[in-house]
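Residues are numbered in this note's numbering as their position in the sequence shown, beginning at 1, plus a constant of 864. Inspection log for the structure reproduced underneath, given as structure tokens.
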Amino acid sequence: MIITDYQFSDRVSGLQPSLIREFFKYNGLPGYMPFSAGNPSAETFPVKAIEEIAADIFKNHPVTALQYGITEGYTPLRETLKKFSRDRYGIGAENDELIITSGSQQIMYLSTKVLVNEGDTVLVENPSFVGSLNAFRSFGAKLVGVPMESDGVDVAALEQAMKTEKNIRFFYTIPNFQNPSGATMSWEKRKAVYALAKQYGVLIIEDNPYGELRVAGEDIPPIKSLDEDGLVIYAGSFSKVLAPGIRIGYCVAPKPIVAKITVGKQVSDVHTPVFSQMLVDEWMKRYSIEEHIASLRSVYRHKLDLMCDLVEEKLSRFVTYTRPEGGLFVWCRLNDHIPMQEFCTKAVANKVTIVPGSAFLPNDTDTTQCFRMNFSTPTDDQIRQGMDILADLAAQY
Ligand SMILES: Cc1ncc(COP(=O)(O)O)c(C=O)c1O
């Protein structure tokens, strides 16, 4: 007899699979416009360089690549990344340490594991990245959403939440080209958010997977660059800069927090695959990451402009939106007379896989009229076709 009614823990029984992962099944199907994924453009992967480096690693250092490694990460890569994050972002204070993780997703997971007890509060931007929200939920955190504005989180609402909520463990923010809203937090707001964190004694998790993908405007330093007080856990990732399949993230945080994360990682995956870490380290040594970032920016600038120009040309009667300055997503708010869920369902039925904004809400009681579109995965033709289909659908209301 096959058992079907397994008993799952309270921690995970309420968790729903990410809607975006569900949409993945459509992405390769013929005729579908893949607007749902957060995948980087495959044309940006430096395949030849990686092929050569991989061959050299197995020729010259096979045992290092295949043996167990240390939990904090492959030492040469840690040194490379300490320098990179200091030079590029001005982060890494005396009191900080760096640990390599299996993607930056693991930083949200491990930080929650070491900081959050069941029922503790985590402040999040509303909307926010579902992978992180689910990581917080999986440890029984109470999520309190703080509204987003076009230049980042609503600082007055954040202060109100910090004043009134009990047992706040941290505030989670994605300051650059936020997923899903595309908004970038201004420098003034970064300073204000840091000042509030200091005033109310709240830690910040600053998640920055998209920071390098700026296509317009000026780079803004991370909140972590202000961190003289040991308040910020910074999450960096090579998923969008190099390739997500190699699963390399890195966390710069106060030493005592990294020490606990290290213990948490030991009982999770022991360490991030050494081979992936060697690949990234060698790639950083042989090539100029700044040149690579410049080439990524030109690919994404073209795609972002194409999608946004079409939103303005074809959808402006039906939606409002703020043109993002980078990242991978365009976030549109449908006019009130168009029912968002129904519109998204119809779009998918017509083979345009837009994601309903409800997938990114911290709580079931929150509502939204928004949907998210990705521009890095579809071809230019698919972007054009998809926007035509969406405009036809919206005109039916
Ligand atoms: C905001 C945000 N944080 C973290 C991640 C996880 O990235 P990774 O684990 O591939 O570094 C993603 C992935 O899309 C994301 O959008």
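Idealized CB from N, CA, C, for every residue including glycine. Source: prediction; values computed, not measured.
What separation, rounded to the nearest whole angstrom, lies between the Cα atoms of residue 1193 and residue 1044?
6 Å
Determine the burial state of residue 938: buried for a count of at least 16 other Cβ atoms within 10 Å of its Cβ, exposed for fewer.
buried
If you measure from each CB to the nearest heavy atom of ligand 1 and keep those under 5 Å, what residues do you get, in chain order?
902, 967, 968, 969, 993, 1038, 1043, 1071, 1073, 1101, 1103, 1108 and 1113
What are the start and end residues of the alpha helix (DSSP H) that includes residue 1225?
Neither: residue 1225 is in no alpha helix (DSSP H) and is coded neither H nor E.
Would you kindly work out how many angstroms separate the C-alpha atoms of residue 1191 and residue 1038, rounded to a whole number?
11 Å
With a threshold of 16 other CB atoms inside 10 Å of the CB of residue 872, please say whether the residue is buried or exposed.
exposed
Under a Cβ-count criterion, where at least 16 other Cβ atoms within 10 Å of its own Cβ denotes burial, should residue 932 be classed as buried or exposed?
So residue 932 counts as exposed.
By DSSP's criteria, residue 1006 is part of a beta bridge. Which residues make up the other side?
985
Relative to the C-alpha of residue 1046, which candidate in 1079, 1062 and 1024 has its C-alpha closest?
1079
Hey, residue 1225 and residue 990: beta-carbon distance below 8 Å or not?
yes
Quick one: using the 10 Å Cβ neighbour count with 16 as the cut-off for buried, is residue 922 buried or exposed?
Per the 10 Å Cβ criterion, exposed.
What do you get for residue 1221, buried or exposed, if any count of 16 or more other CB atoms within 10 angstroms of its CB means buried?
buried
Cutting at 8 Å between CB atoms, please list the residues of its own chain near residue 1085, excluding the five before and the five after it.
Here the set comprises 953, 954, 1051 and 1054.
Can you give me the C-alpha to C-alpha distance between residue 1176 and residue 1187, rounded to a whole angstrom?
10 Å
Take residue 1148 and list the residues in its own chain whose beta-carbon comes closer than 6 Å to its own, dropping the five residues that flank it on each side.
944
Which full runs of the alpha helix (DSSP H) of 4+ residues lie inside the segment 1181-1224, going along the chain?
1204-1213
In the DSSP output, which residue or residues are listed as bridge partners for residue 1071?
1099
So, for residue 966: in the same chain, excluding its five sequence neighbours on each side, which residues have a beta-carbon less than 6 Å away from its beta-carbon?
Excluding positions up to five away in sequence, the list reads 1111, 1133 and 1136.
Measuring CA to CA, which of 915, 1150 and 1119 is closest to residue 1094?
1119
Report the rounded CA-to-CA distance for residue 875 versus residue 889, giving the unit in angstroms.
27 Å
Just to confirm my understanding: we take residue 1239, look at its own chain, exclude 5 residues before and 5 after, and list those with CB closer than 6 Å. What are they?
Closer than 6 Å at Cβ, skipping near neighbours: 1167, 1168 and 1171.
Rounded to a whole number of angstroms, what is the C-alpha to C-alpha distance between residue 907 and residue 892?
16 Å
Put residue 1272 into one of helix, strand or coil per three-state DSSP.
Coverage of the chain is limited to positions 865 through 1261, which leaves residue 1272 absent and any answer about it impossible.
I need the DSSP call for residue 1058, collapsed to helix, strand or coil.
helix
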